[in-house]
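Residue numbers (my numbering): 1 to 487.
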RNA sequence: GCCCCCAUCGUCUAGUGGACUAGGACGUCAGCCUUUCAAGCUGAAGACAGGGGUUCGAAUUCCCUUGGGGGCACCA
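Given below as structure tokens:
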């Protein structure tokens, strides 16, 4: 039983609309969501759009779409920081008034030159505090000059800052290694540090679950909380998700945007399951967990500290598992849009739904993604199969003779179903003194144009008598003119 | 350059001082099944980064080294 006196769990996913959310972002969203749902708390969505220069058009929609696709529903928001400037200014002014911050008039050029110089001298790049020590006269002068200042935090020059991270434990940083970071930019927008602290406080966030990369900025935030006399939330820094080359996930690694996986035919349930296991585990053997099971068992205590490399092959396997678990009807329904999208243009649309429903059961256990379905199914829809005649001859048998006889026997078939076809063709193999492997293999090429396909009789049954006979005749034609090569 | 984090099979991970001959999963390889492919089943190979302590005993604790990652913007 959860105690009513326990403060409510309130967590947030706070992406910035400077790009499309990648797997790492979404994994963070998932962990926050699972944590909220597990504790019956609130999952809040907050858009950190305080960088107008890097803002990407449409990014917010993609963020929302990604969350919706995965079923990560939020309880509050989306809040937009760009619509909350009032709060940041208010807090900034109060910090200024209380002597925890100061105005800085340094030009970007000066700061850049300073950094270059520091780098050249192999010093850590750090604001030199120029405006922190301005004389009253200097200040008055700069104010009069019309330069719009930024607001900087007055970092304690000595001492250390300690905080507790739920996953990492006690962490201590020397204040002297931190510099006077900017709180409010000259365009009036807050930096991440200010906006984040202000909003987490105002929104009564209880736990901050976010990626490891933020760890170094926690002492700044803790100091800010202290200056404002606010109680900081609990911190839990999640291990990062890395690309196969062990570096931070980026476009270089191919598909990294969450929504791309939808287009590539991954199921949201598989995606959730897979992502949940990147940095979290239930025990030493459970791999497949439903959404409900994840909610039930999720806990911060079982999150690992080690960065995880995203392994697409395991995702493919897991997606295959989820695909096979679908009912045949559901699999057909999910496959339809992919067939419509990816089948060759010459295939007439709209596709025959009944026909599709007869095809997809043959593909269900062969597809790792829905995007593979059209590719596995194209011979069901094509009138001409572009295969090489040599495939008919590769068995080292009299292909023409075999197909001719098969054709004769099939022409008179009344009931065209898998059972009847097998009842005719299997004895025929014996009669022709051919192994089933060779004989059926030959027919497979003639019927499907490929050497690997779903089981022959079921395939033939779905294709129907007319199409099958035609394809066998076409094969005979090809065999009759084996030397003609199409360039 | 400075600061911080991390370290078990190729990859995801279990492991919280003795139950470890280090377990599971993906992938790989082999076999079975079989009309091909897939699925399924069985099996195999495969890891505690290195060195010092602590302890009767260390994958598990401490230190150092090494390696990897992240951070150091009027970006988040």
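A virtual CB, placed ideally from N, CA and C, is assigned to each residue, including glycine.
Computed from a predicted structure; not experimentally measured.
Simplified DSSP state of residue i, which is helix, strand or coil
| i | result |
| --- | --- |
| residue 213 | helix |
| residue 486 | Residue confidence for residue 486 is low, a pLDDT of 49 falling below 50, so the modelled location carries little weight and cannot support an answer. |
| residue 423 | helix |
| residue 45 | strand |
| residue 244 | coil |
| residue 1 | For residue 1, the pLDDT reaches just 41, beneath the cut-off of 50, and the residue's location in the model is therefore unreliable, although a value from the coordinates is still provided. Residue 1: coil per DSSP, three-state reduction. |
| residue 392 | helix |
| residue 10 | strand |
| residue 163 | strand |
| residue 52 | coil |
| residue 415 | coil |
| residue 381 | helix |
| residue 361 | helix |
| residue 290 | coil |
| residue 475 | helix |
| residue 168 | coil |
| residue 134 | coil |
| residue 464 | coil |
C-alpha distance - residue i paired with residue j, whole-angstrom precision
| i | j | result |
| --- | --- | --- |
| residue 281 | residue 288 | 11 Å |
| residue 360 | residue 328 | 7 Å |
| residue 299 | residue 352 | 47 Å |
| residue 279 | residue 216 | 20 Å |
| residue 372 | residue 315 | 15 Å |
| residue 221 | residue 210 | 14 Å |
| residue 301 | residue 168 | 11 Å |
| residue 33 | residue 71 | 10 Å |
| residue 21 | residue 306 | 22 Å |
| residue 384 | residue 377 | 14 Å |
| residue 415 | residue 256 | 50 Å |
| residue 94 | residue 83 | 20 Å |
| residue 348 | residue 23 | 36 Å |
| residue 409 | residue 424 | 8 Å |
| residue 276 | residue 444 | 42 Å |
| residue 387 | residue 464 | 20 Å |
| residue 473 | residue 407 | 8 Å |
| residue 339 | residue 26 | 28 Å |
| residue 16 | residue 147 | 29 Å |
| residue 254 | residue 333 | 28 Å |
| residue 269 | residue 149 | 50 Å |
| residue 201 | residue 264 | 39 Å |
| residue 244 | residue 309 | 6 Å |
| residue 326 | residue 290 | 13 Å |
| residue 252 | residue 246 | 12 Å |
| residue 195 | residue 274 | 32 Å |
Residues bridged to residue i (per DSSP)
| i | result |
| --- | --- |
| residue 104 | 150 |
| residue 76 | 44 |
| residue 280 | 303 |
| residue 173 | 161 |
| residue 309 | 242 |
| residue 234 | 207 |
| residue 23 | None, per the DSSP bridge assignment. |
| residue 190 | 184 |
| residue 257 | 22 |
Residue nearest to residue i in terms of C-alpha spacing, selected from the options
| i | options | result |
| --- | --- | --- |
| residue 60 | 92, 90, 34 and 14 | 14 |
| residue 180 | 244, 106 and 189 | 106 |
| residue 529 | 422, 428 and 269 | Residue 529 falls outside the range modelled here, since the chain spans only 1 to 487, and no answer is possible. |
| residue 323 | 157, 257 and 271 | 271 |
| residue 494 | 478, 439 and 235 | Residue numbering for the chain in the displayed model covers 1 to 487; residue 494 lies beyond these limits and cannot be assessed. |
| residue 203 | 55, 79, 118 and 347 | 79 |
| residue 81 | 159, 193, 170 and 167 | 193 |
| residue 382 | 468, 431 and 417 | 468 |
| residue 249 | 225, 233, 213 and 235 | 213 |
| residue 345 | 375, 265, 144 and 261 | 375 |
| residue 259 | 317, 146 and 67 | 67 |
| residue 125 | 109, 104, 178 and 476 | 178 |
| residue 28 | 290, 11, 247 and 141 | 11 |
| residue 354 | 317, 292 and 335 | 335 |
| residue 176 | 96, 420, 128 and 457 | 128 |
Integer-rounded CB distance, given that residue j should sit under 8 Å from residue i
| i | j | result |
| --- | --- | --- |
| residue 74 | residue 45 | 4 Å |
| residue 311 | residue 237 | So it is not a contact: roughly 22 Å between Cβ atoms. |
| residue 403 | residue 446 | 6 Å |
| residue 448 | residue 379 | 5 Å |
| residue 65 | residue 18 | Contact flag wrong, Cβ pair sits at about 16 Å. |
| residue 224 | residue 153 | 7 Å |
| residue 405 | residue 432 | 7 Å |
| residue 49 | residue 55 | 6 Å |
| residue 102 | residue 131 | 6 Å |
| residue 392 | residue 478 | 7 Å |
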